[in-house]
């Protein structure tokens, strides 16, 4: 029941899902009998039946009998030996994971089998045309759409990556099992494969034994690209293009990509001292290495496919020039006696024959580039010289086409000539023929400044073109001039491949410690998206002009779309740092320059100083300045940003931003670093300056967001800077996690809504476009929820064709772990943003609705804070009733769980705050305070207004629906069991009051929605929840018992491991963490 999976709200047939669950469950049971024994499996089944019976009684309303069975189950668990309890927890956890795999597969199957899928591009485009949107308006809106999904390393992914991969493989086997043509032997082999995968799951340690490094996290993000997005993106873009052509008559432009990807993995240093400038630099080069590696694989397959010889003049000219340069390069090697240049030979090849790095720096080792390719990646193919000299193939359909035979000049004026299918180069002169007229031809020298790229000198060209090319490489991939009958497309793509290999090797060298010098020949490498697109588009246009449209729209078009989406970095990396770090850095600078202490100045003095320095042309930071290690790290980060630039990096996000000076401080530090790097290079920095994005998180900062933006845009320098460098576009980020922990979910939602309205209005006043960046988590308490619903409920005018949103932790795998689910999610983003742009949701119908919202928000926030921050017993109650203190042992993230060394709630990060309450099934942060607010509104006679707001205002309806979903997933008897066993008697009354508060919230939410029971409008969700309870409830009871034992023996490593196993199991059952 992943909170953010949109299809969950739709009615589905459970028969196939239940069949898959039975199959996987029976296989696991068979494995357990073999691995653990018959006695254990009988005990497992007994506990499951007890839990199932208790659940059935509760659903029937027989509470007393259910409580008796639950107490019996808890008693049996409390008397178990630790080893037995751990084995039970592991078994139930694997059952829940397998059910989750079956559930995801069922959604994929339903999507595949549904003819008219809701929220798909075809569905939404058709409805919009029917409702009056003109085809041109629709087409322009889709083509101009800019959505960026930013993957973050927030520590909520509980499963080890190796387990995630095994889960994906099981999902693929379930998909194979759906084939109607499977024979008896195929079925038996499939069962054996499933048995192997599940056995491997059982025999694999579920626990991470060390904390991941930032590079580990970045590698996980890159693996999502390789695992699913690489396949999903072309499929998604084909569906968008097909739907556009069907409803508007025009396909999606080839390099138009409505959705792109960003990353925080290796760039988010807010509160994480492990993310350094070096880590950021290494992660960017690792991403570039992987991009080159993925493109090489595609080029290999494409070269094999594009064997034709017909092409247009431009492509023929490029092919001739490449051949001539290759010939010239070989001659220089022979003249210089460098037939075998000195090079580093890679020690091994992967199964696709691709050279891999021999060594990467610590923490930045190579991603698994060959695992889980979904059968799409093609094996490397050795091309042997062709012997076909057929002269029968001709074409008279395209202008300026090159034929495989010598054609009469009168038929093709100005065409290049091929003899016997070969591109002909004079081996003595290196000249290529150029047709002049019907009177004849002459030879012309090839320009060294052609599109293929020139070299600085013959010696340099000779060395660089053969770097790392071993004898084995030469046998496997002969040089172009050694091949006969090679077609022009293969010549051009071969050149692309060689350049990509050089690019990959350069990244390897940098990652292995070679200096990243500014003095190198950029023409020998691919550094930008445009450079790689140029030859590919040339091939595409040539095929189009020669009547090979159907071939051009295949693998070649897919590759062009991948390049347009992923570029040479796969996902541009955002940098994030807390505003206080920048103030500390400026303090060090101004103190060194005897200007005073920057942080002690008032806001106006800061702004005046910053604007004066920004207008100046000299660096502010002296090269000889001596600073603390923290300040040096900040300066080093800006230097790396200047070196890498906008081709590798996305935005610089300032967390805890609250003043205009916070943004200008970053602009100044960025400008200063670029001046320093530019001075060393002797030329201006090659890429654009990064956009600076303030992140407003707390309620106080959200309330002041509009004022901060107005203050910024009132500065002539800043406004001119935005227009000149960022196309008149301001990006603003709003945070859902800290605002929710600060004021409660309801009050935070309303403050976020108002802040977005104010920011949009502020930018509109200065005629500046705005993109809102939503820092949403996976759980409801951190802003999570169905993507479609979330976008549709934004304030009108806040989604104008542009949107950025984070996808965090376990949600990355849930939404994008399989190519099929990724395609569905990308379509949902596209259609939701399109509707919000062309048909924005309604504003509150009248001022009274805003007044009601203000009153509910104020009362709910006051009630929330009175318990969480003002009740003296709450902090200790929280520590006793939840496994919060033990979550730090999970090793699920590289950053600390607290911003400061303090036990206070205020210093605890939002993720462990919600994670802990999710484990106990109380999910307190998502609902606390809402009951009090709604009760007060009903007491004031707002019943009719509330029900009208629910029916007619998308924002209010989505807020109530999400709270209802959380309440449905909570379990009061389980939460009560935690209190009874773990909480001190003096604090158990607080737990009783909170449970009463929960019941009050449930009653008032149902009154507003008009439902009789929770999830009444979502029976699929209810049924999925109920199917998990017989496995989930026993794990909670085991966790309570282990916590009780651990707190009496805190140094026992076996108990600590056992607790972590139960945490994994509960996370699998709840389908989210924090």
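In my numbering, the protein residues as written are 1291 to 2364.
Beta carbons are placed, not taken as given, at the ideal position from N, Cα and C, and that holds for glycine.
Here the structure is a predicted model, which is why all the values come from computation and not from measurement.
Subject >> Stretch-stretch touch, CB-based, cutoff 8 Å, three pairs: the region 1475-1491 with the region 1406-1413 >> reply: Output reads no: the region 1406-1413 does not touch the region 1475-1491.
Original post:
Leaving out the 5 sequence neighbours to the left and right, which residues in its chain are closer than 8 Å to residue 2365 when beta-carbon positions are compared?
Top reply: Only positions 1291 to 2364 of the chain appear in the structure, and residue 2365 is not among them; the question remains open.
**OP:** Compute the Euclidean distance between the alpha carbons of residue 1567 and residue 1974, then round it to the nearest angstrom.
**Re:** On the chain shown, position 277 is the one that residue 1567 refers to. On the chain shown, position 684 is the one that residue 1974 refers to. So the two alpha carbons sit approximately 21 Å from each other.
**OP:** Mind reading off the beta-carbon distance from residue 1609 to residue 1786? Whole number of angstroms is fine, and I expect it under 8 Å.
**Re:** For the purposes of this step, residue 1609 is taken as residue 319 along the chain shown, with counting starting at 1. For the purposes of this step, residue 1786 is taken as residue 496 along the chain shown, with counting starting at 1. Not confirmed; about 12 Å, so no contact.
Subject >> DSSP state of residue 2302 mapped onto helix, strand, coil >> reply: Position 1012 of the chain shown, counting from 1, holds the residue named residue 2302. It is coil, neither helix nor strand.
Original post:
With distances taken from CA atoms, which of 2076, 1813, 2062 is nearest residue 1793?
Top reply: Here residue 1793 refers to the residue found at position 503 when the chain shown is read from its first residue. Shortest Cα-Cα distance from residue 1793 to any of 2076, 1813, 2062 involves 1813.
**OP:** Rounded to whole angstroms, what's the CA-CA distance from residue 1543 to residue 1822? Just pull it up for me.
**Re:** For the purposes of this step, residue 1543 is taken as residue 253 along the chain shown, with counting starting at 1. For the purposes of this step, residue 1822 is taken as residue 532 along the chain shown, with counting starting at 1. The C-alpha of residue 1822 is placed about 18 Å away from the C-alpha of residue 1543.
**OP:** Take the Cβ of residue 2289 as the centre, count every other Cβ of all protein chains shown within 10 Å, and call the residue buried at 16 or more, exposed below.
**Re:** Sequence index remark: in the chain shown, residue 2289 carries index 999 (1-based). Exposed.
**OP:** Using the Cα positions of residue 1349 and residue 2213, report the straight-line distance between them to the nearest angstrom.
**Re:** The count along the chain shown starts at 1 and reaches residue 1349 at position 59. The count along the chain shown starts at 1 and reaches residue 2213 at position 923. Between residue 1349 and residue 2213, the C-alpha separation is close to 21 Å.
Original post:
Would you report the Cα separation of residue 1270 and residue 1453, rounded to the nearest angstrom?
Top reply: Examination of residue 1270 is not possible in this model, given that the chain is present from 1291 through 2364 alone.
Original post:
Between the Cα of residue 2102 and the Cα atoms of 2355, 1321, 2032, 1518, which residue gives the shortest distance?
Top reply: In the chain shown, counting from the first residue as 1, residue 2102 sits at position 812. Among 2355, 1321, 2032, 1518, the Cα nearest to that of residue 2102 belongs to 1518.
**OP:** Please confirm whether residue 1516 and residue 1443 have their CB atoms less than 8 Å apart.
**Re:** Taking the chain shown and counting its residues from 1, the one referred to as residue 1516 is at position 226. Taking the chain shown and counting its residues from 1, the one referred to as residue 1443 is at position 153. Going by C-beta atoms, residue 1516 is not nearer than 8 Å to residue 1443.
Subject >> Within 8 Å, strictly: CB atoms of residue 1980 and residue 1570 >> reply: Here the question's residue 1980 lines up with position 690 in the chain shown. Here the question's residue 1570 lines up with position 280 in the chain shown. Result no, Cβ atoms of residue 1980 and residue 1570 do not sit closer than 8 Å.
**OP:** Output the distance between the C-alpha atoms of residue 2294 and residue 2064, rounded to the nearest integer angstrom.
**Re:** Position 1004 of the chain shown, counted from the first residue, corresponds to residue 2294. Position 774 of the chain shown, counted from the first residue, corresponds to residue 2064. Approximately 29 Å, taken between the alpha carbons.
Original post:
Closest by CA to residue 1836, which one among 1851, 1604, 2049?
Top reply: Working through the chain shown from its first residue, we reach residue 1836 at position 546. Checking every option, the nearest Cα to that of residue 1836 belongs to 1604.
**OP:** Would you list the one or two residues that DSSP bridges to residue 1941?
**Re:** Position 651 of the chain shown holds residue 1941. Residue 1941 pairs with 1981.
**OP:** Give, in chain order, every unbroken run of the beta strand (DSSP E) that is at least 3 residues long and sits entirely within the region 1547-1615.
**Re:** The qualifying runs are 1549-1553.
Original post:
Along the chain, which unbroken stretches of the alpha helix (DSSP H) at least 4 residues long are found entirely within the region 1771-1844?
Top reply: 1778-1801, 1819-1835, all fully within the region 1771-1844.
Original post:
How many Å lie between residue 1599 and residue 1611 at the Cα?
Top reply: The residue given as residue 1599 occupies position 309 in the chain shown. The residue given as residue 1611 occupies position 321 in the chain shown. Straight-line measurement puts the Cα of residue 1611 at about 16 Å from the Cα of residue 1599.
**OP:** Would you decide whether residue 1385 is buried or exposed? Buried here means 16 or more other CB atoms lie within 10 Å of its CB.
**Re:** If you number the chain shown from 1, residue 1385 lands on position 95. The residue in question, residue 1385, is buried, as its Cβ has 16 or more Cβ neighbours within 10 Å.
Subject >> Which of helix, strand or coil DSSP assigns to residue 1915 >> reply: In the chain shown, the residue the question calls residue 1915 occupies position 625. If DSSP states are grouped into helix, strand and coil, residue 1915 belongs with coil.
Subject >> Bridge partners - residue 2092, DSSP secondary structure assignment >> reply: On the chain shown, position 802 is the one that residue 2092 refers to. BP columns for residue 2092 point to 1436.
Original post:
Three-state secondary structure (DSSP) at residue 1441?
Top reply: Position 151 of the chain shown holds residue 1441. DSSP places residue 1441 in the strand class (E or B) of the three-state scheme.
Subject >> Collapsed DSSP secondary structure at residue 1865 in the structure displayed >> reply: If you number the chain shown from 1, residue 1865 lands on position 575. In this structure, residue 1865 counts as strand in the three-state DSSP scheme.
**OP:** Note down, one range per segment and in chain order, each alpha helix (DSSP H) of at least 4 residues found wholly within the region 2028-2080.
**Re:** Secondary structure within the region 2028-2080: the alpha helix (DSSP H) runs of 4 or more consecutive residues, fully enclosed, are 2035-2055 (chain order).
**OP:** In angstroms with no decimal places, state the Cα-to-Cα distance between residue 1938 and residue 1946.
**Re:** Counted from its first residue, the chain shown places residue 1938 at position 648. Counted from its first residue, the chain shown places residue 1946 at position 656. The alpha-carbon atoms of residue 1938 and residue 1946 are separated by roughly 25 Å.
Original post:
If we count Cβ pairs, one from each stretch, closer than 8 Å, do we get three or more for the region 1481-1488 versus the region 1311-1320?
Top reply: Touching, yes.
Original post:
For residue 2207, which residues of its own chain have a beta-carbon under 7 Å away from its beta-carbon, when the five flanking residues on both sides are left out?
Top reply: As a working note, residue 2207 is residue 917 in the chain shown. A distance below 7 Å between beta-carbons, with the five flanking residues on each side excluded, links residue 2207 to the following residues of its chain, in chain order: 2172, 2213, 2214, 2215.
**OP:** Please classify residue 1853: does DSSP put it in a helix, a strand, or coil?
**Re:** Taking the chain shown and counting its residues from 1, one reaches residue 1853 at position 563. Residue 1853 carries a helical assignment under DSSP once its states are collapsed to helix, strand and coil.
Subject >> Three-state secondary structure (DSSP) of residue 1986 >> reply: By 1-based counting over the chain shown, the position of residue 1986 is 696. In the structure shown, residue 1986 adopts extended strand secondary structure according to DSSP, grouped into three states.
**OP:** Out of 2279, 1361, 1870, 1853, point me to the one whose CA is closest to residue 1820's CA.
**Re:** As a position in the chain shown, residue 1820 is number 530, starting the count at 1. Sorting 2279, 1361, 1870, 1853 by C-alpha distance to the C-alpha of residue 1820 places 1853 at the top.
Subject >> Close beta carbons around residue 1325, own chain, < 8 Å, minus the five adjacent residues each side >> reply: Along the chain shown, read from residue 1 onward, the residue named residue 1325 stands at position 35. Cβ neighbours of residue 1325 beyond the five flanking positions: 1489, 1492, 1493.
Subject >> Sheet register partners of residue 1465 (DSSP bridge) >> reply: The residue you call residue 1465 lines up with position 175 of the chain shown. For residue 1465, DSSP assigns no beta-bridge partner whatsoever.
Subject >> Cβ neighbours of residue 2366 in the same chain (closer than 8 Å, five flanking residues each side left out) >> reply: No statement about residue 2366 is possible, as the shown extent of the chain runs from 1291 to 2364 and does not include it.
Original post:
From residue 2306 to residue 2314, what distance separates their C-alpha atoms?
Top reply: Stepping through the chain shown from its first residue, residue 2306 is reached at position 1016. Stepping through the chain shown from its first residue, residue 2314 is reached at position 1024. Spanning the alpha carbons of residue 2306 and residue 2314 requires a straight line of approximately 13 Å.
Subject >> Sequence-distant residues of its chain with Cβ nearer than 8 Å to residue 2345 (five each side left out) >> reply: Translated into positions along the chain shown, residue 2345 becomes position 1055. Excluding the 5 residues flanking it on each side, residue 2345 has same chain C-beta neighbours closer than 8 Å at 1372, 2332, 2335, 2336, 2339, in chain order.
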